[in-house]
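As structure tokens, this is what we get:
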């Protein structure tokens with residue numbers, strides 16, 4: 075299994091993760107809010123096209139954890 079330090083969670087993952095409201099994808103507004111809440115640099119995330127999973131896991135945030143697990147599944151499935 076790929077480690078959290080090796081897994082790169084992309085903006086594409088963020089846009090396609092099954093959201094809690096039944097729709098696909100988390101919006102940038104929510105991503106910016108999550109980044110601000112946990113001291114992550116949203117501008118850097120956008121410039122890099124994503125973030126290492128370990129930084130999201132370190133937040134302990136349910137939305138972040140859901141996104142990491144989705145990204146992990148996508149990577150393991152070769153998507």
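Numbering (the numbering used here), first residue to last: 75 to 153.
Glycine residues also receive a C-beta, built at the ideal position from the N, C-alpha and C atoms.
- In this structure, residue 139 sits near residue 131, with a CB-CB distance shorter than 8 Å.
- Residue 84 is bridged by DSSP to 124.
- In this structure, residue 87 lies near residue 148, with their beta-carbon atoms less than 8 Å apart.
- Out of 99, 124, 98 and 97, the CA that lies nearest to the CA of residue 109 is found in 124.
- For residue 150, the enclosing alpha helix (DSSP H) has its first and last residue at 136-150.
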